[in-house]
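In our numbering, the protein residues as written are 12 to 133.
Structure representation (structure tokens):
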């Protein structure tokens, strides 16, 4: 079940991260409906938990470098996702200057790693 969830969430994140990224770089001319980078990062933070589980499983199954990359990216995304949620709730008073291009690149990389993790072990 975890593999299927990794594939579905990986496809979703890859599409919603790569299309705006490619549009900003001028490689494609169409755009998906507007999703704020805050919402995208919060969803990516939730997917970071799934990526963390995949990374631990990959690390134990002789894919150490991919597992370490997945764990590192998952921890970054979980931290950013929690910070964004706490800022929106007013718990934290500072603001994070989010660069949309960097957020979309992180989300795209997370989606790709989730897709890879979904296929490893089948």
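Each residue gets a CB set at the ideal place from its N, CA and C atoms; glycine is no exception. Remember, predicted model here, so these are calculated numbers, not experimental data.
Distance between residue j and residue i (C-alpha atoms, nearest Å)
i, j, result
"residue 112", "residue 13", "29 Å"
"residue 28", "residue 67", "24 Å"
"residue 72", "residue 21", "20 Å"
"residue 106", "residue 54", "19 Å"
Which of helix, strand or coil DSSP assigns to residue i
i, result
"residue 131", "coil"
"residue 10", "Examination of residue 10 is not possible in this model, given that the chain is present from 12 through 133 alone."
"residue 87", "helix"
Under 7 Å between C-beta atoms of residue i and residue j
i, j, result
"residue 85", "residue 122", "no"
"residue 119", "residue 32", "yes"
"residue 95", "residue 63", "no"
Cut-off 7 Å between Cβ atoms - residues of its own chain near residue i, not counting five sequence neighbours on either side
i, result
"residue 65", "17, 81, 125, 128"
"residue 116", "32"
Status (buried if at least 16 other CB within 10 Å, exposed otherwise) for residue i
i, result
"residue 101", "exposed"
"residue 24", "buried"
"residue 76", "exposed"
"residue 61", "buried"
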